[in-house]
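Trainee: Residue numbers (the numbering used here): 22 to 447. No residue lacks a Cβ here, since even glycine has one placed at the ideal position from N, Cα and C.
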Ligand SMILES: Cc1ncc(COP(=O)(O)O)c(C=O)c1O
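(1) Please list the terminal residues of the continuous beta strand (DSSP E) segment that includes residue 147.
(2) Rounded to the nearest angstrom, what separates residue 302 and residue 262 at their Cα positions?
(3) Find out if the Cβ-Cβ distance for the pair residue 218, residue 255 is shorter than 9 angstroms.
(4) For residue 134, is the classification buried or exposed, using 16 other Cβ atoms within 10 angstroms of its Cβ as the cut-off for buried?
(5) Ligand 1 and residue 61: does the residue's C-beta get closer than 8 angstroms to at least one heavy atom of that ligand?
(6) Using beta-carbon positions only, say whether residue 181 and residue 148 come within less than 9 angstroms of one another.
(7) Does any heavy atom of ligand 1 sit closer than 8 angstroms to the C-beta of residue 301?
(8) In angstroms, rounded to a whole number, what distance separates the CA positions of residue 400 and residue 418?
(9) Tell me the DSSP bridge mates of residue 44?
(10) Three Cβ pairs or more, each shorter than 8 angstroms: is that satisfied between the stretch 208-215 and the stretch 392-406?
(11) Using the three-state DSSP reduction, which class does residue 415 fall into: helix, strand or coil?
(12) Can the beta-carbon of residue 198 be found closer than 9 angstroms to that of residue 168?
(13) Anyone know if the C-beta pair for residue 266 and residue 290 falls short of 9 angstroms?
(14) Looking at the strands, I want to know which residues DSSP matches up with residue 89.
(15) Looking at the secondary structure, which residues open and close the alpha helix (DSSP H) in which residue 446 lies?
(16) If distances are taken between C-alpha atoms only, which option among 94, 284, 41 and 178 comes closest to residue 131?
(17) Ordered along the chain, which non-local residues of its own chain (more than five positions away) have a Cβ less than 7 angstroms from that of residue 142?
(18) Using a threshold of 8 angstroms, is the CB atom of residue 230 nearer than that to any non-hydrogen atom of ligand 1?
(19) Which two residues bound the contiguous beta strand (DSSP E) that contains residue 296?
(20) Short check: CB of residue 236 to CB of residue 204, under 9 angstroms?
(21) Using only the alpha-carbon positions, how far apart do residue 445 and residue 372 sit?
(22) Just to confirm, is the Cβ distance from residue 269 to residue 353 under 9 angstroms?
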C-alpha cells in the first residue's frame with residue numbers, strides 16, 4: 022500500500038465504500054466527513070454527476086487515441102481553457118498523469134530549455150528542505166523529506182537545497198502568512214556563490230507546502246526567491262499540485278501571492294481526482310525556445326502514453342465547469358476568515374503547539390510524545406476516523422484541506438470533533 026503501515030492497516034482496515042458531497046461512507050455504513058478533500062484533490066466534493074456523465078460519455082465515444090505524432094481535440098481544448106486560467110504568459114501546457122510526473126516533467130523541461138538555448142552548463146536543480154515533490158527520482162532528489170529519500174540511493178546528482186522556513190519560536194500560531202523568515206530566501210545567494218549561477222537550471226518550491234505538514238511562506242519570501250532567480254537567469258518552478266484549483270481562494274497560488282514563476286506543476290484538483298491527470302504550465306519564452314530548428318524534429322523527447330487521455334480531458338472540462346458555475350474558488354476565499362477563526366480556536370487545546378492556516382488549508386502541530394514521534398497524531402487520525410472525520414497526518418502535524426464546497430456547519434463539525442479527539446489522546 023502507498024505510504025501506509027501495511028501490517029497495522031491490514032490488522033484493522035479503514036475502507037471507504039462510497040462518497041457523496043462532503044462525506045464518505047465506510048464499508049460498515051458509517052458517514053465520515055472529508056476534512057482533506059481525499060488527498061487534497063476532491064475540491065468540488067465527491068461523486069459529482071456532471072463529471073461522472075462526462076467520463077461515461079467520453080468512454081463511449083473515444084476511449085483512447087495515441088498522442089505521439091497523433092492527437093485528438095481533447096488536450097488542445099483543455100490546454101486553451103487552462104491557459105486562460107493562468108496569469109500572464111503561462112500559456113503552454115504539457116499533460117501528465119500525476120503530480121510526480123508533473124514535477125519530473127517540469128525539471129526535464131527546465132534542463133532541456135537551457136540546453137536548447139546553448140546554456141548546457143545549467144544542470145543543477147535546487148529544491149528545499151522539507152519539500153515534497155512526489156516520488157519520482159527527480160521529485161525525491163529535489164524534495165527534502167528524509168524518509169522519502171534515504172532508502173533510494175544517491176538519486177539525481179547536482180542537487181542542492183534551500184533551508185525550510187518552519188520556525189515555531191518565531192511564528193507559532195501565525196494567522197495567514199507568518200511575518201518572520203523572508204530572509205531565508207537569501208540562502209539562494211549562498212548556493213549561487215558556491216556553485217556559480219552558470220551551473221544552476223532551476224529552483225523548485227511549493228508556494229504553500231502541504232504534505233510536509235503545512236508550511237506557509239513568510240511574507241516576502243516568494244518575492245525574494247523570484248527576484249534572485251531573475252537576477253541569476255534561474256527558472257523558478259512553483260509546484261502547485263495542491264495549491265492549484267482554488268485551495269487558497271484563487272485559481273493558483275501564483276495569483277494569490279502575485280508572484281510569477283516560469284513553470285507551474287499541477288494535478289489533483291484538475292479532474293477533481295476522478296481520472297488521474299497532471300499538467301505543467303510553461304511561459305511563452307520557454308515554449309518558443311524549443312520551437313526552433315527543423316520542423317521534422319521532435320522538439321521535446323518526453324511524454325507518457327496517457328498524456329492528455331480522453332477520459333481525463335473530459336473529466337477536467339466538467340470539473341472546470343463546476344468550479345466556474347459554483348464559484349468555488351471565490352467560495353474558498355469567502356470562507357477563509359471563518360476557517361481561520363475556527364482552526365485557531367484549537368489554540369489551548371491539549372497537545373497543540375501550533376496552528377497555521379491559509380485559504381482553506383490548516384496545519385495543527387502537536388507536541389510529540391517523547392521518543393515516539395508521530396504516535397500521537399496517528400492516534401488522533403484513527404480516533405477521528407472512528408468518530409466520523411477524515412484528517413491527514415504527517416509526523417505529529419495534522420493537515421486539513423476540505424473540499425471547497427463545504428459549509429460553515431462542516432467547519433464547526435470538524436473542529437468540534439477534532440477538539441474532542443485531542444482531549445481523548447494521551
Ligand atoms: C506539492 C506536491 N507535489 C507533487 C505531489 C505528488 O503528486 P502525486 O501523488 O499525484 O504523484 C504532491 C502530492 O501530494 C504534492 O503535494
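Mentor: Let me lay it out:
(1) In the chain shown, residue 147 corresponds to position 126, counting from 1. Looking at the DSSP string, the run of the beta strand (DSSP E) that includes residue 147 is 145-149.
(2) Locating residue 302 in the chain shown gives position 281, counting from the first residue. Locating residue 262 in the chain shown gives position 241, counting from the first residue. C-alpha separation (whole angstroms): 12 angstroms.
(3) For this step, residue 218 is matched to residue 197 along the chain shown. For this step, residue 255 is matched to residue 234 along the chain shown. Closer than 9 angstroms, so yes.
(4) Locating residue 134 in the chain shown gives position 113, where the first residue counts as 1. Buried, since its Cβ has 16 or more Cβ neighbours within 10 Å.
(5) Position 40 of the chain shown, counting from 1, holds the residue named residue 61. Residue 61: yes, Cβ under 8 angstroms from ligand 1.
(6) Within the chain shown, residue 181 is the residue found at index 160, counting from 1. Within the chain shown, residue 148 is the residue found at index 127, counting from 1. Result yes, Cβ atoms of residue 181 and residue 148 sit closer than 9 angstroms.
(7) Residue numbering aside, residue 301 sits at position 280 when the chain shown is read from its first letter. No, Cβ of residue 301 sits at least 8 angstroms from all heavy atoms of ligand 1.
(8) Along the chain shown, read from residue 1 onward, the residue named residue 400 stands at position 379. Along the chain shown, read from residue 1 onward, the residue named residue 418 stands at position 397. Each residue's alpha carbon lies about 12 angstroms from the other.
(9) Counting from 1 along the chain shown, the entry for residue 44 is found at position 23. BP columns for residue 44 point to 41 and 54.
(10) no
(11) By 1-based counting over the chain shown, the position of residue 415 is 394. In this structure, residue 415 counts as strand in the three-state DSSP scheme.
(12) By 1-based counting over the chain shown, the position of residue 198 is 177. By 1-based counting over the chain shown, the position of residue 168 is 147. Against a cut-off of 9 angstroms, the Cβ pair of residue 168 and residue 198 comes out as no contact.
(13) Start at 1 with the first residue of the chain shown, and residue 266 comes out as number 245. Start at 1 with the first residue of the chain shown, and residue 290 comes out as number 269. Result yes, Cβ atoms of residue 266 and residue 290 sit closer than 9 angstroms.
(14) By 1-based counting over the chain shown, the position of residue 89 is 68. For residue 89, which the question treats as bridged, DSSP gives no partner whatsoever.
(15) Mapped onto the chain shown, residue 446 falls at position 425. Note, residue 446: premise wrong, no alpha helix (DSSP H); not H, not E.
(16) Mapped onto the chain shown, residue 131 falls at position 110. Of the candidates 94, 284, 41 and 178, the one whose C-alpha sits nearest the C-alpha of residue 131 is 284.
(17) Stepping through the chain shown from its first residue, residue 142 is reached at position 121. Once the five neighbours on either side are set aside, the close Cβ partners of residue 142 are 219 and 220.
(18) One-based indexing of the chain shown puts residue 230 at position 209. Result yes, Cβ under 8 angstroms from ligand 1.
(19) For this step, residue 296 is matched to residue 275 along the chain shown. No beta strand (DSSP E) holds residue 296; DSSP gives it neither H nor E.
(20) One-based indexing of the chain shown puts residue 236 at position 215. One-based indexing of the chain shown puts residue 204 at position 183. Taking 9 angstroms as the Cβ cut-off, residue 236 and residue 204 do not qualify as a contacting pair.
(21) Mapped onto the chain shown, residue 445 falls at position 424. Mapped onto the chain shown, residue 372 falls at position 351. Their backbone Cα atoms lie some 11 angstroms apart in a straight line.
(22) One-based indexing of the chain shown puts residue 269 at position 248. One-based indexing of the chain shown puts residue 353 at position 332. Result yes, Cβ atoms of residue 269 and residue 353 sit closer than 9 angstroms.
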